[in-house]
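A.B. asks: Line by line, the protein sequences give chains A and B. Going letter by letter, the first sequence gives residues 372 to 485 in the numbering used here. Going letter by letter, the second sequence gives residues 26 to 138 in the numbering used here. Can you read through this structure? Questions will come right after.
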Amino acid sequence: DAKTTQPTSMDCAEGRAANLPCNHSTISGNEYVYWYRQIHSQGPQYIIHGLKNNETNEMASLIITEDRKSSTLILPHATLRDTAVYYCIVRPTYSGAGSYQLTFGKGTKLSVIP
Amino acid sequence: DSGVTQTPKHLITATGQRVTLRCSPRSGDLSVYWYQQSLDQGLQFLIQYYNGEERAKGNILERFSAQQFPDLHSELNLSSLELGDSALYFCASSVAGGGVEQYFGPGTRLTVT
């Protein structure tokens with residue numbers, strides 16, 4: 372699996388957009404970018420994933436650069452409940468065989484400040 | 026609530042003992058994954074089962090074993106426990122062997138004294 376690089380920590384003011392970057396310069400053509408988050412020792416929670424197009428769901432938006440070497444997770448209006456560790460993970464697309472476990476790095480600790 | 030349940034929530038035991046952690050996946054999910062989270066190692070994949078069969082192994086010690094039963098629930102057995110086995114143990118499930126989304130349970134916190 373390609374490795375990812377994320378900042379160790381970030382702060383964001385409550386109500387503002389939180390932009391979390393991720394570098395995955397060695398990503399392969401068949402690998403998706405996934406984002407999960409973990410709120411204080413709870414089980415990790417899936418946020419969003421994408422291949423090459425920008426994606427949006429009810430939780431966040433994912434912007435992937437055209438060369439796919441980096442991406443940004445955007446939480447449009449951060450709240451205190453968004454304080455968590457955010458993990459950027461790359462993983463091959465499912466092809467019916469093999470294993471697709473998640474390889475977590477250290478992630479970015481996002482602190483939303485009142 | 027992810028729909029994945031894990032029992033017990035907390036477990037305190039002594040070195041050398043054996044424990045069993047239980048996981049019930051979301052209804053309809055065939056794949057179960059076990060992860061360990063310790064302070065120094067972060068979240069690490071241990072093992073995956075798909076529809077009752079072992080699919081992949083990660084950094085799982087020989088003292089640890091797991092199985093998935095016909096009703097799809099899974100158990101992780103940890104034996105000859107050491108202080109370093111103290112960690113959070115998470116179970117996750119997905120629809121298929123490589124489900125896009127893995128749904129994580131609340132975890133079992135194991136403390137070995």
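We treat Cβ as the ideally placed atom computed from N, Cα and C, and that holds for glycine.
#1: Going along chain A in order, which residues have a C-beta closer than 7 Å to the C-beta of F115 (chain B)?
#2: Between the Cα of K374 (chain A) and those of A:H420, A:T474 and A:V483, spot the shortest distance and give me the residue it belongs to.
#3: Let me confirm a value: A455 (chain A) is counted as buried when at least 16 other C-beta atoms fall within 10 Å, else exposed. Which label applies?
#4: Tell whether a beta-carbon distance below 8 Å holds between C383 (chain A) and C459 (chain A).
#5: Taking only the alpha-carbon atoms, compute the straight-line gap between N425 (chain A) and P415 (chain A) and give it to the nearest angstrom.
#6: Starting from the Cα of Q61 (chain B), find the closest Cα among A:Q472, A:H395 and A:K480 and give me that residue.
#7: Start and end of the beta strand (DSSP E) containing E100 (chain B)?
#8: So that I know if they touch, is there some Cβ in chain A lying closer than 8 Å to that of Y58 (chain B)?
#9: On a CA-only basis, which of B:Y128, B:S104 and B:S118 is nearest L135 (chain B)? Give me that one, please.
#10: Give me whichever residues DSSP pairs with N394 (chain A) in a beta bridge.
#11: Would you kindly check if the distance between the Cβ of S99 (chain B) and the Cβ of A91 (chain B) is under 8 Å?
#12: Hey, does G53 (chain B) have any beta-carbon neighbour from chain A nearer than 8 Å?
#13: Could you please give me the residues that DSSP links to F129 (chain B) through a beta bridge?
#14: Using a beta-carbon distance below 8 Å, is L444 (chain A) in contact with chain B?
#15: Quick check on the DSSP output: what are the complete beta strand (DSSP E) runs of length 3 or more inside the segment 39-112 of chain B, in order along the chain?
#16: Note down, in chain order, every chain A residue with its Cβ under 8 Å from the Cβ of L46 (chain B).
#17: Rounded to whole angstroms, how far is the Cβ of V44 (chain B) from the Cβ of S118 (chain B), which I believe are closer than 8 Å?
#18: Would you mind reading off the limits of the beta strand (DSSP E) that contains T479 (chain A)?
#19: State the start and end residues of the unbroken beta strand (DSSP E) segment that holds S432 (chain A).
#20: Starting from D382 (chain A), follow its DSSP beta bridges and name the residues at the other end.
#21: At what residues does the beta strand (DSSP E) containing V456 (chain A) begin and finish?
C.D. replies: Looking at the atomic coordinates:
#1: G414
#2: A:T474
#3: buried
#4: no
#5: 23 Å
#6: A:Q472
#7: S99 to L103
#8: yes
#9: B:S104
#10: A:T376 and A:S441
#11: yes
#12: no
#13: B:A117
#14: no
#15: 44-49, 56-63, 67-75, 78-82, 89-93 and 99-103
#16: What L46 (chain B) touches in chain A: nothing, since even the nearest Cβ is about 13 Å away.
#17: With 8 Å as the limit, V44 (chain B) and S118 (chain B) do not qualify as a contact, their Cβ atoms being about 21 Å apart.
#18: T479 to I484
#19: S432 to I435
#20: A:S482
#21: A455 to P463
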